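Peer 1: Taking our numbering, the leading residue of the sequence shown gets 1, the next gets one more, and so forth. In this text, a Cβ means the ideal position worked out from N, Cα and C, and glycines have one as well. Since this is a predicted model, take the numbers as computed values, not measurements.
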Amino acid sequence: MSRSSVIVEVRGRVGLIKINRPDVLNALNDDIIDGISDAVGLFESNDEVGCIVITGNDKAFAAGADVGFMKSFDYMHVYKTNFISRNWERLANSRKPVVGAVAGFALGGGCELAMMCDIIIAAENAKFGQSEVKLGIPPGAGGTQRLTRAIGKAKAMDLCLTARMMDAFEAEKSGLVARVVPLEHLLDEAISAAQTIASFSLPVTMMIKESVNRAFETSLAEGLLFERRIFHSAFGLEDQKEGMSAFLSKRKAVFQHR
Numbered sequence: 001m002s003r004s005s006v007i008v009e010v011r012g013r014v015g016l017i018k019i020n021r022p023d024v025l026n027a028l029n030d031d032i033i034d035g036i037s038d039a040v041g042l043f044e045s046n047d048e049v050g051c052i053v054i055t056g057n058d059k060a061f062a063a064g065a066d067v068g069f070m071k072s073f074d075y076m077h078v079y080k081t082n083f084i085s086r087n088w089e090r091l092a093n094s095r096k097p098v099v100g101a102v103a104g105f106a107l108g109g110g111c112e113l114a115m116m117c118d119i120i121i122a123a124e125n126a127k128f129g130q131s132e133v134k135l136g137i138p139p140g141a142g143g144t145q146r147l148t149r150a151i152g153k154a155k156a157m158d159l160c161l162t163a164r165m166m167d168a169f170e171a172e173k174s175g176l177v178a179r180v181v182p183l184e185h186l187l188d189e190a191i192s193a194a195q196t197i198a199s200f201s202l203p204v205t206m207m208i209k210e211s212v213n214r215a216f217e218t219s220l221a222e223g224l225l226f227e228r229r230i231f232h233s234a235f236g237l238e239d240q241k242e243g244m245s246a247f248l249s250k251r252k253a254v255f256q257h258r
């Protein structure tokens, strides 16, 4: 897969996606989103990849959607082309765990893209926000929904209605970010976390991701029932036998991802 705006690498069992439009702070357009979607599909079909990392550069994860790209759109165009729904959700729908490594600006669509990741690791210079109100539009790729679920109504209203930016430390304190690290260690930290995830049983990490996500979609009773059935099903895995045998033998488990 070759696309100048999206760089794709494989590092061990980790698939790495780099957004690459530095001249416009990685502003998101269809070329980037289609590239990310293609990369996710590539990694999901590769049994040797157990976790995905997506990142930008030191100045921006993505400073928002490309306004020049959207400016001439009218209602019928965005409706008929299913704008956003057509390709943006591919990252969120990845069955394999996704780690977002965020430095610099993650604003508007960039913040929404980051929130499609399962874990966000932020550099100390990261800034998050939903700035769409400045453009005369509301957020449209999860800014009012995922952000509210992550940080609560009060802060989500604050960010969406005032367009203020939240720094990395406030984002961590608010629950949007899993950890904050020095900028120079960001990618190494994200790759390390992804390598750890990928070292475990892939079916089990996929089950965990699905179960945690289900918590936001259903009642506690239904969520617990789903978790219990997933837990039961894990006893049909070869990796469960290996994991428990290794624990009892005081050795490191060698998972076969089945």
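At what residues does the alpha helix (DSSP H) containing VAL177 begin and finish?
Peer 2: Note, VAL177: premise wrong, no alpha helix (DSSP H); not H, not E.
Peer 1: Check whether the region 107-124 touches the region 172-179, taking contact to mean three or more Cβ pairs, one atom from each stretch, closer than 8 Å.
Peer 2: yes
Peer 1: Could you check which residue in ASN213, LEU147 and GLN240 has the C-alpha nearest to that of ARG95?
Peer 2: ASN213
Peer 1: Rounded to the nearest angstrom, what separates GLN195 and GLU189 at their Cα positions?
Peer 2: 10 Å
Peer 1: Mapping the DSSP letters down to three states, classify LYS127 as helix, strand or coil.
Peer 2: Looking at LYS127 - three-state DSSP - the assignment turns out to be strand.
Peer 1: Going along the chain, which residues of its own chain have a beta-carbon closer than 7 Å to the beta-carbon of ILE7, five neighbours each way excluded?
Peer 2: LYS18 and ASN20
Peer 1: Thinking C-alpha only, which one of PHE61, MET244 and VAL133 is nearest VAL102?
Peer 2: For the residues PHE61, MET244 and VAL133, the minimum Cα distance to VAL102 belongs to PHE61.
Peer 1: Per DSSP, LYS18 is paired with what?
Peer 2: ILE7 and THR55
Peer 1: Could you spell out the range, first to last residue, of the alpha helix (DSSP H) harbouring VAL204?
Peer 2: 202-214
Peer 1: Taking the alpha-carbon of THR263 as reference, which of HIS232, GLU172, PRO138 and ILE119 has the nearest alpha-carbon?
Peer 2: With the chain covering only 1 through 258, there is no way to say anything about residue 263.
Peer 1: So, using beta-carbon positions, are ALA198 and GLY15 closer together than 7 Å?
Peer 2: no
Peer 1: For ALA65, does the three-state DSSP call read helix, strand or coil?
Peer 2: Strand at ALA65.
Peer 1: Look at the alpha carbon of ILE208 and the alpha carbon of LEU202, and state the distance between them as a whole number of angstroms.
Peer 2: Here the alpha carbon of ILE208 sits roughly 10 Å from the alpha carbon of LEU202.
Peer 1: Using only alpha-carbon positions, find the residue among ASP34, HIS232, VAL254 and ASP167 that is nearest to GLU124.
Peer 2: ASP167
Peer 1: Of the residues ILE32, ALA221 and PHE255, which one's Cα is nearest the Cα of PHE200?
Peer 2: PHE255
Peer 1: Applying the 10 Å Cβ sphere with the 16-neighbour rule, what's the burial state of ALA221?
Peer 2: Only exposed fits ALA221, as fewer than 16 other CB atoms lie within 10 angstroms of its CB.
Peer 1: Spell out the partners DSSP gives PHE105 in its beta bridges.
Peer 2: ALA60 and LYS127
Peer 1: Determine the contact status of ALA171 and PHE105, defining contact as a CB-CB distance below 7 Å.
Peer 2: Cβ atoms of ALA171 and PHE105: not closer than 7 Å.
Peer 1: Could you please give the first and the last residue of the uninterrupted alpha helix (DSSP H) stretch that includes THR196?
Peer 2: 186-199
Peer 1: Is it a yes or a no for the region 23-37 touching the region 76-89, going by three-plus beta-carbon pairs under 8 Å?
Peer 2: As far as the Cβ criterion goes, the region 23-37 touches the region 76-89, which means the pair count is three or higher.
Peer 1: To the nearest angstrom, how far is the alpha carbon of LEU25 from that of SER131?
Peer 2: 15 Å
Peer 1: Express the C-alpha separation of SER211 and GLY223 in angstroms, rounding to a whole number.
Peer 2: 8 Å
Peer 1: Considering only DSSP beta bridges, list what ILE121 is partnered with.
Peer 2: ILE121 is bridged to ALA101 and ARG179.
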